[in-house]
Amino acid sequence: MIRSLKNIFYYLFILPRTLKRIRIINSILDELISDVNKVPEWRLITKKSGFILRMTQYVEVHSLLDFSLCGLANSEISSKELRACVYFCACLPLYDDFFDKNNLSAKEIKALMLAPESFDSKSAVEGMFIHLLKEVYANLTNQKLFAYYFEKLFYAQEESKRLMDSSLSLEEVKHIAFEKGGYSALLFRSILSHEFVKGEKEALYQLGAVGQLMDDIFDLYDDVQEGLNTTATKYHNDFTPVVEFYKMEVLSLKNLFFKLDYDLSNKNKFIREIMLIVNGGTLCGKQFLEAQKANNNIFSIQEIGREALVCDMEKKSNWLKMVRLSIANA
Numbered sequence: 002m003i004r005s006l007k008n009i010f011y012y013l014f015i016l017p018r019t020l021k022r023i024r025i026i027n028s029i030l031d032e033l034i035s036d037v038n039k040v041p042e043w044r045l046i047t048k049k050s051g052f053i054l055r056m057t058q059y060v061e062v063h064s065l066l067d068f069s070l071c072g073l074a075n076s077e078i079s080s081k082e083l084r085a086c087v088y089f090c091a092c093l094p095l096y097d098d099f100f101d102k103n104n105l106s107a108k109e110i111k112a113l114m115l116a117p118e119s120f121d122s123k124s125a126v127e128g129m130f131i132h133l134l135k136e137v138y139a140n141l142t143n144q145k146l147f148a149y150y151f152e153k154l155f156y157a158q159e160e161s162k163r164l165m166d167s168s169l170s171l172e173e174v175k176h177i178a179f180e181k182g183g184y185s186a187l188l189f190r191s192i193l194s195h196e197f198v199k200g201e202k203e204a205l206y207q208l209g210a211v212g213q214l215m216d217d218i219f220d221l222y223d224d225v226q227e228g229l230n231t232t233a234t235k236y237h238n239d240f241t242p243v244v245e246f247y248k249m250e251v252l253s254l255k256n257l258f259f260k261l262d263y264d265l266s267n268k269n270k271f272i273r274e275i276m277l278i279v280n281g282g283t284l285c286g287k288q289f290l291e292a293q294k295a296n297n298n299i300f301s302i303q304e305i306g307r308e309a310l311v312c313d314m315e316k317k318s319n320w321l322k323m324v325r326l327s328i329a330n331a
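2 is the number of the first residue of the sequence shown in the working numbering; add one for each residue after it.
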């Protein structure tokens, strides 16, 4: 109760600071979009329905994370670090198309990750991806570390193709989710120049895992329709265990970060900031449980329908709910 009261005070400062950071992030993103739109073939990509929104969401969420990770270490994110982060986030909407539609060997993919400047593009998507990735590498302090985690993430994503196998156990599905999310978080942390402290890699891995679990909850309806086997699809007519598992992993995340050898005030600030993101999963889970209750306490996506299972974080009302959740549990 006392911490929740303190949180009200702290969020009066955190929310305006977050909005200021988003404006800084979007100024770099606007420059990036203007740059790529100079190439007609790339402009056709950015003009596709939903592409800019998807890119903006990737950029804002992950760039805010790197802002917070710098604050945790009592440092300011540099212009080069932020630029590398924004440009890499902008690569992500292209990432799936790039690797799914190109028959590159593992050796070729590794070479591309280490030295994108040595590749000649064979398609518009490939060319835009390589252009953005070159700018990422140009602004990195530790290219080798970034390439290492980039490769780890690629193989984790390759492993995630097994999720089409309905016979996978819950533990196998969890492992795939944790590897994909964990290495994603470590990849974004590798953009920053300050050294890891003891236990930070484990905490970041857990942060990424929670992020992947959150994605699984948000994507539940579409994943079920596509036959994907995720941590959120194994609900057996009751979504409660999925929500409780998510809450448990969030608690583990907080505990791991509080153990790190950083200043306590910076750890508190970091937790309060990331809970504004993490509570998106909490809010979505609550919405699904409400839909279950309205359906005679049976969780069936066929009976409940897609509309009740879409948690739109663009809605102001949902943002306000997420802030209230953060005040209560950060």
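Don't be surprised by glycine CBs; every beta carbon is placed ideally from N, CA and C. Note that this is a predicted model, so its numbers are computed, not measured.
Which first and last residues belong to the alpha helix (DSSP H) in which residue i is found?
i: Lys-248; result: 241 to 259
i: Ile-278; result: 265 to 295
i: Asp-220; result: Taken as a continuous stretch (DSSP letters only), Asp-220 belongs to no alpha helix (DSSP H), as it is neither H nor E.
i: Thr-47; result: 41 to 47
i: Tyr-149; result: 144 to 160
i: Ser-185; result: 171 to 190
i: Glu-136; result: 125 to 139
i: Ile-78; result: Segment: none, Ile-78 is in no alpha helix (DSSP H) and carries neither H nor E.
Tell whether a beta-carbon distance below 7 Å holds between residue i and residue j.
i: Asn-280; j: Leu-326; result: yes
i: Tyr-263; j: Leu-93; result: no
i: Ser-201; j: Leu-141; result: Inspection of the sequence shows that residue 201 is occupied by Glu rather than by Ser. No. Outside cutoff.
i: Glu-77; j: Leu-193; result: no
i: Phe-68; j: Arg-4; result: no
i: Ala-329; j: Leu-257; result: no
i: Ala-148; j: Glu-180; result: no
i: Tyr-247; j: Leu-208; result: no
i: Pro-117; j: Leu-133; result: no
i: Asn-297; j: Asn-75; result: no
i: Phe-300; j: Phe-240; result: yes
i: Tyr-222; j: Leu-188; result: no
i: Glu-136; j: Tyr-88; result: yes
i: Leu-164; j: Leu-229; result: yes
i: Ile-218; j: Gly-306; result: no
i: Ser-368; j: Leu-154; result: Lying outside 2 to 331, the shown extent of the chain, residue 368 is not represented and no answer is given.
i: Val-225; j: Ile-302; result: yes
On a Cα-Cα basis, can you pick out the residue from the options that is closest to residue i?
i: Asp-166; options: Glu-227, Gly-306, Tyr-138; result: Glu-227
i: Glu-245; options: Lys-260, Phe-271, Leu-229, Val-211; result: Val-211
i: Leu-146; options: Leu-205, Phe-271, Ser-191; result: Ser-191
i: Thr-57; options: Glu-32, Ser-69, Ser-80, Asn-75; result: Glu-32
i: Leu-252; options: Tyr-150, Ala-309, Asn-238, Met-276; result: Met-276
i: Ser-318; options: Ser-301, Ile-218, Leu-284; result: Leu-284
i: Phe-52; options: Cys-90, Leu-187, Asn-330, Leu-221; result: Cys-90
i: Arg-273; options: Ala-309, Ala-331, Gln-144; result: Ala-331
i: Leu-95; options: Leu-70, Val-60, Glu-118, Ser-64; result: Val-60
i: Leu-254; options: Asp-223, Gly-183, Arg-44, Gln-144; result: Gly-183
i: Met-323; options: Ser-170, Lys-287, Leu-187; result: Lys-287
i: Lys-175; options: Glu-136, Ser-161, Leu-188; result: Ser-161
i: Ile-1; options: Cys-86, Leu-66, Gln-293; result: There is simply no residue 1 to check, as the chain begins at 2 and stops at 331 in what is shown.
i: Ala-309; options: Trp-320, Cys-71, Ala-292, Leu-321; result: Ala-292
i: Thr-47; options: Thr-19, Phe-14, Ala-125, Leu-16; result: Ala-125
i: Ile-1; options: Ser-80, Tyr-12, Met-249; result: Past the edges of the chain, shown from 2 to 331, lies residue 1, and the structure says nothing about it.
Kindly indicate which three-state DSSP category residue i falls into: helix, strand or coil?
i: Met-114; result: helix
i: Leu-13; result: helix
i: His-63; result: helix
i: Cys-90; result: helix
i: Ile-302; result: helix
i: Tyr-236; result: coil
i: Val-37; result: helix
i: Met-323; result: helix
i: Lys-199; result: coil
i: Thr-19; result: helix
i: Gly-72; result: helix
i: Phe-52; result: helix
i: Ser-194; result: coil
i: Ala-331; result: coil
i: Ser-122; result: coil
i: Ser-168; result: coil
i: Lys-317; result: helix
i: Arg-307; result: coil
i: Asp-31; result: helix
i: Thr-57; result: helix
Determine whether the Cβ of residue i lies closer than 7 Å to any Cβ atom of chain C.
i: Asn-296; result: No chain C is present in this structure, which holds just one protein chain.
Open item on the list: Using 8 Å as the cut-off, can you tell me whether the stretch 227 to 236 makes contact with the stretch 312 to 320, which would need three or more C-beta pairs spanning the two stretches below that distance?
Closed with: no
- [ ] Pair every Cβ in the stretch 124 to 137 with every Cβ in the stretch 37 to 50, then say whether three or more of these pairs are closer than 8 Å.
- [x] yes
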